[in-house]
Amino acid sequence: MKPAARAARSRYEARARIAKALAHSSRLMILEALERRPMCVCELTDLVGADQSTVSKHLALLKQAGLVEDRRDGVMVFYSVKVCCLKGFWECIEGVLSENLKAQQAVLR
């Protein structure tokens, strides 16, 4: 493989890792909540309806993907969104969902 093709492949693989981090409804819920304010794992477990270890694994994956960051405050760890581009991403996704719904409704008519 040529160097340019290798670099392009590497870039797509990096994008795929981020997309994979977004590919779970619980992680999407977590990200949306963290956009509003920093939260600790205990708050997120109630929100997601999962145990602490599961939420911690989701947060670790989101952190590894570069989407969230953490901050210690005594024994508590607070998580927040690290990137500012998620709002536009959610708007894009909602647009796609709206168009899909319109297409489905048109088929049913």
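Numbering (my numbering), first residue to last: 35 to 143.
For glycine and all other residues, C-beta sits at the position ideal for the given N, C-alpha and C.
Span of the beta strand (DSSP E), counted from its first residue to its last, around residue 110: 110-115
Element boundaries [alpha helix (DSSP H), containing residue 80]: 75-82
At least three beta-carbon pairs within less than 8 Å, the stretch 78-85 to the stretch 94-108: no
Spatial distance of residue 43 from residue 56 (CA atoms): 20 Å
Proximity below 9 Å, CB of residue 113 to CB of residue 73: yes
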